[in-house]
Structures are given as structure tokens and as C-alpha cells.
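Asker: So the protein lines, in turn, are chains A and B. Going by our numbering, the first sequence opens with residue 49, and the numbers climb by one from there. Going by our numbering, the second sequence opens with residue 49, and the numbers climb by one from there.
2 protein chains.
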Amino acid sequence: MTIGALARASGVGIDAIRFYERQGLLPKPARRASGYRDYPPATVQRLRFIRHAKALGFSLAEIGDLLTLSADHERGVEGIRRRAEDRLAALEQRIAELERVRDGLKTLIDACPGHGEPDRCPILRALGDECDDAAAVTAVAAVRR
Amino acid sequence: MTIGALARASGVGIDAIRFYERQGLLPKPARRASGYRDYPPATVQRLRFIRHAKALGFSLAEIGDLLTLSADHERGVEGIRRRAEDRLAALEQRIAELERVRDGLKTLIDACPGHGEPDRCPILRALGDECDDAAAVTAVAAVRR
DNA sequence: CTTGACCCTGGTCTCGGGTCCAGGGTCTAA
DNA sequence: TTAGACCCTGGACCCGAGACCAGGGTCAAG
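#1: Using DSSP's beta-bridge definition, name the partner residues of Asp-86(B).
#2: Tell me, please, whether the segment 136-149 of chain B touches the segment 140-158 of chain A by the rule of three or more beta-carbon pairs shorter than 8 Å.
#3: Along the chain, where does the alpha helix (DSSP H) containing Leu-108(B) start, and where does it finish?
#4: Compare the C-alpha of Glu-69(A) against each of Pro-89(A), Leu-104(A), Leu-95(A) and name the closest.
#5: Does DSSP classify Val-60(B) as helix, strand or coil?
#6: Using CA atoms only, rank isn't needed, just tell me which of Gly-112(B), Ala-103(B), Thr-50(B) is closest to Gln-71(B).
#7: Exposed or buried, Pro-89(A), counting other C-beta atoms within 10 Å across all chains shown (16 or more means buried)?
#8: For the alpha helix (DSSP H) that contains Leu-95(B), what are its first and last residues?
#9: Residues of chain B with CB closer than 8 Å to the CB of Ile-157(A), please, in chain order.
#10: Please check if any C-beta of chain A sits within less than 8 Å of the C-beta of Val-60(B).
#11: Exposed or buried, what is Ser-58(B) when buried is set at 16 or more other beta-carbons lying within 10 Å of its beta-carbon?
#12: 8 Å is my cut-off, CB to CB: does Ile-65(B) come that close to chain A?
#13: Identify the contact partners of Lys-76(A) in chain B, using a Cβ-Cβ distance below 7 Å as the criterion.
#14: Let me make sure I understand the geometry here. Which of Glu-110(B), Glu-145(B), Arg-131(B) has the alpha-carbon closest to that of Gly-105(A)?
#15: Can you say whether Ala-182(B) is buried or exposed, counting buried as having 16 or more other CB atoms within 10 angstroms of its CB?
#16: Output needed in chain order: residues of the segment 142-154 of chain B with a Cβ under 9 Å from some Cβ in chain A.
#17: Compare the C-beta of Glu-69(A) against all C-beta atoms of chain B and say whether one is closer than 8 Å.
#18: Excluding the 5 residues flanking Thr-50(B) on each side, which residues of the same chain have their C-beta closer than 8 Å to its C-beta?
#19: On the three-state DSSP scale, how would you describe Thr-155(B)?
#20: Indicate, with yes or no, if the ligand MG has a heavy atom lying under 7 Å from the CB of Ile-111(B).
#21: Please state whether DSSP places Leu-139(B) in a helix, a strand or coil.
#22: Please compile the residues from chain B whose C-beta is within a distance smaller than 7 Å of the C-beta of Glu-140(A).
#23: Could you check if Ala-81(B) is buried or exposed, using at least 16 other CB atoms within 10 Å of its CB as the buried criterion?
#24: Excluding the 5 residues flanking Arg-193(A) on each side, which residues of the same chain have their C-beta closer than 8 Å to its C-beta?
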């Protein structure tokens, strides 16, 4: 199939397919006499794999790793599983981080009356770090590393 | 104070300070005869504001917005509060998204025995989208938009 | 007076994941 | 045969938020 047909079948853009080839995520395809790339239909699966793995938060480098491992019939499966677990751990850490930030922001919003003098707004005071307002201090402290 | 002193006092790098100036987040400071930037001490607060707002997930453009609003004694506070609420909503959406991905990944890992043939690994099968495995299908479906 | 720490400008480079463009060649249906 | 859709390459460009660098000038201590 041509690159355009592959793009339609896999849901991945033409430019992205050529980019993946340059990155080594796709093997260099056969060429027709005209120079057109000619893909075997199984490439659709490979591109879907890449698309889904991206949706799970894997980087292209990690996906290349997964693809290499998945071709390794000896130790591939353990490697895949371990990488998936690493991804999961990173994901959970990121979620916890965002939740911390969310709680800080929520605290500030709750403490803000939404009107009045700007120098009494706990959000501004907390961000500027020049306040004794307990709620604001706590909220921003939660956000600092 | 010089830019180096300001950097130390605020915890923001020298290059970043000059960058913020170019972006209009910091007013152009006075210059000494030598051409050195000479900052009023209050700039430390402003840089801390920027640093904290960044930690809350605001982009530099949004921070510029906040700084403009915070100088507006008429309608500033309502604007600030509304933007904080927007940020909170975006944050919660992002968290929910990541949780969806996390659950999908978790399901896949639980379904994977961690050994055996690669073509029986639910992670690989799900990513390649060529499977009837219910757990894998559900997991990946949860991830797709 | 020299050394070393600091500062200036303006420019390029980084990361990731592509997109877009110019200037060609090719394929297919009418 | 010709229009229009497709394909090729190599390169430039995009986003955000700075980092880094060269080639200069400045400032304070010893």
C-alpha cells in the first residue's frame, strides 16, 4: 500500500509516518520503480501500536524500545511488563503532583472573596509571598518543591 | 540591585529574568552608567509571584495577564479569581484524563502474566489492536479519544 | 595593576513531535 | 492528453521556556 493509504488505514498523518521512519520506529519500506514507498499491510498494526502507546503516555523513544522488545521472543515479555510498570509509576507520581497543585489552588480560591481591594486578595498575596494569611501560606507552601 | 543579586534573592535564573523582560512580564529596569540593569527591591516579589504562578501551572502569557489584572484596582480581583477558577478546571480535566490512562495501563498490567510468548501478552495485543481479549480491549478503549 | 567575578548584547541551541513548503515526478480517469 | 490527486526530498518552522555562548565592558579586592 502507498503511504497515503497507510495513513488513512492507521489514523496517523503522512508526515508523521515519514518522521517515524526517520526515527527508526518503522523499518524502511520497499520502493516502487517510481520511488513511492510500498508498505506491507501489517504496518497498519504497527502504527496503531504506536498511536495507542502514545495515548498511554509513552514517548517515541520508549515506544521504539517496546517495539524492539516485542520482537524479542526470549526476554521480550518481561521487559514489556516492566516498562509498563515504570510508566504506571511515573503516571501516578504525576497525578499526585497535579493533585497537590489543585488542592493549593482550590484553597486559594475558597479564601478569596472575589471582590474588594487587590491587596486583600489572598491569591495575589500568596503568589507574592508577602502575607500572613494562613490559608494562603498553606496553599502555596503545598505547591513549592 | 543588580540582576545577579535579584536572581539570588528571587530564585529565578539570570537568563530567565532577561527573558521575562523581553516578554513584557517585568518592566524595563533603570540602567546604571555602565549599562548594568538596576532593580528596585520590590522586583523580588514580582519574580516570586511569577515563580509561584508557574508552579500552579499558569503559562507565562497567563501570568502576564494576572500581573496586569493585579494592577487594576477596579476590576482586578474578580478577574484574578475567574482566571484561577479556569486554571482549576483545566487542572481537574487534566487529572481526570491521566487517571483514565492510568486505569487502562493498570488493567493491562494486571492481565499480563509477565512471561510466555509475546503474542499472548495482553499489553502487546492491546496496543496492536488485533485482539479479542476483553480486558485489553476495555483498557485500550478507555484510552482512546 | 591585575585577577576574577560580574554584566552587556545578540545570537544560536535545546527538547518532542511533528507540520509545512518548494520544486519537482507519477498515476489515473475522463 | 490533460487535470487533479498523489508521491518524492530536503529543509525550514512551530510551540514554550529558557540555557548557553562569544566577544566584549565593569567593578572590587588584593
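Ideal Cβ placement from N, Cα and C applies to all residues, glycine included. Small disclaimer: the values here were computed from a predicted structure and weren't measured.
Answerer: In brief:
#1: Ala-78(B)
#2: yes
#3: The continuous alpha helix (DSSP H) containing Leu-108(B) extends over residues 108-118.
#4: Leu-95(A)
#5: coil
#6: Among Gly-112(B), Ala-103(B), Thr-50(B), the Cα nearest to that of Gln-71(B) belongs to Gly-112(B).
#7: exposed
#8: 91-103
#9: Under the 8 Å cutoff, chain B gives Arg-129, Ala-132, Glu-133, Leu-136.
#10: no
#11: buried
#12: Output row for Ile-65(B): interface = no.
#13: The premise fails here: Lys-76(A) is roughly 21 Å from chain B at the closest Cβ pair, so nothing lies under 7 Å.
#14: Glu-145(B)
#15: Reliability fails at Ala-182(B), whose pLDDT of 40 lies under 50, so the model's placement of it is uncertain and the value that follows must be treated cautiously. So Ala-182(B) counts as exposed.
#16: Arg-142, Ile-143, Leu-146, Glu-147, Val-149, Arg-150, Gly-152, Leu-153, Lys-154
#17: No, Glu-69(A) does not count as interfacial toward chain B.
#18: Within the same chain, and ignoring the five residues on either side of Thr-50(B) in sequence, the residues whose Cβ sits closer than 8 Å to its Cβ are Tyr-84, Arg-85, Asp-86, Tyr-87.
#19: In this structure, Thr-155(B) counts as helix in the three-state DSSP scheme.
#20: The ligand MG is not part of the structure shown, which contains no ligands of any sort.
#21: In the structure shown, Leu-139(B) sits in a helix (DSSP, three-state: H, G or I).
#22: Correct list: Arg-150.
#23: exposed
#24: With a pLDDT of 34 at Arg-193(A), under the threshold of 50, the modelled position of this residue cannot be trusted; read the value that follows with caution. The answer is none, since no qualifying residue turns up.
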